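> For what it's worth, my numbering labels the leading residue of the sequence shown as 234, then goes sequentially.
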Amino acid sequence: MTNDVEKRWHDPAAFRAAVTYVLAVVALAAVAFACYVIPGGKPLLAAILVPVIVFGGGVGAFIQTYRVWKAGGTWVIWQGAGWFLFALFLMCLSVPGAALTAT
Numbered sequence: 234m235t236n237d238v239e240k241r242w243h244d245p246a247a248f249r250a251a252v253t254y255v256l257a258v259v260a261l262a263a264v265a266f267a268c269y270v271i272p273g274g275k276p277l278l279a280a281i282l283v284p285v286i287v288f289g290g291g292v293g294a295f296i297q298t299y300r301v302w303k304a305g306g307t308w309v310i311w312q313g314a315g316w317f318l319f320a321l322f323l324m325c326l327s328v329p330g331a332a333l334t335a336t
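#1: Would a C-beta distance cut-off of 7 angstroms place Ala332 and Pro284 closer than the cut-off?
#2: Measure the CB-CB distance between Thr298 and Gly315 and report whether it falls below 7 angstroms.
#3: Any idea what DSSP makes of Thr307, helix, strand or coil?
#4: Please determine whether the Cβ atom of Pro284 lies at a distance below 6 angstroms from any heavy atom of the ligand MG.
#5: Using the rule of at least 16 other Cβ atoms within 10 Å of the residue's Cβ for burial, across every protein chain shown, is Ala280 buried or exposed?
#6: With a CB to CB cut of under 6 angstroms and the five nearest residues on each side skipped, what residues in its chain are close to Leu326?
#7: Just to confirm the assignment, what range does the alpha helix (DSSP H) spanning Gly330 have?
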């Protein structure tokens with residue numbers, strides 16, 4: 234049995250799953266951002282969706298962190314994915330602000 238402080242977090246399958254999840258969330262947010270940038274449609278709604286999608290992805294990553302922790306897996310990988318998405322969420326908060334000042 235390993236202890237959390239031993240820092241043996243080598244799990245390539247979990248790493249691939251977390252990276253795939255993060256890339257899917259970022260791609261979905263990029264689609265929403267593209268809908269904001271392309272003329273026509275509802276740009277304010279698309280601009281609001283960008284940080285909402287990234288925030289929801291971060292919450293989902295933290296939920297997966299808890300599930301993997303309960304199962305005794307390498308939960309730190311998913312926690313890193315969650316913190317990355319939350320940091321990206323903070324940067325994406327400027328998109329709706331830009332949409333509001335442009336209208």
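Beta carbons: idealized from backbone N, C-alpha and C, even for Gly. Since this is a predicted model, take the numbers as computed values, not measurements.
In brief:
#1: Contact flag unset, no.
#2: Taking a C-beta distance under 7 angstroms as the contact criterion, Thr298 and Gly315 qualify as a contact pair.
#3: It is coil, neither helix nor strand.
#4: In terms of ligand content, the structure shown is empty, and the ligand MG therefore cannot be addressed.
#5: Counting C-beta atoms within 10 angstroms of its own C-beta, Ala280 has 16 or more neighbours from the protein chains shown and is therefore classed as buried.
#6: So the qualifying residues of the chain are Pro284.
#7: Per DSSP, the continuous alpha helix (DSSP H) segment holding Gly330 begins and ends at Ser327 to Ala335.
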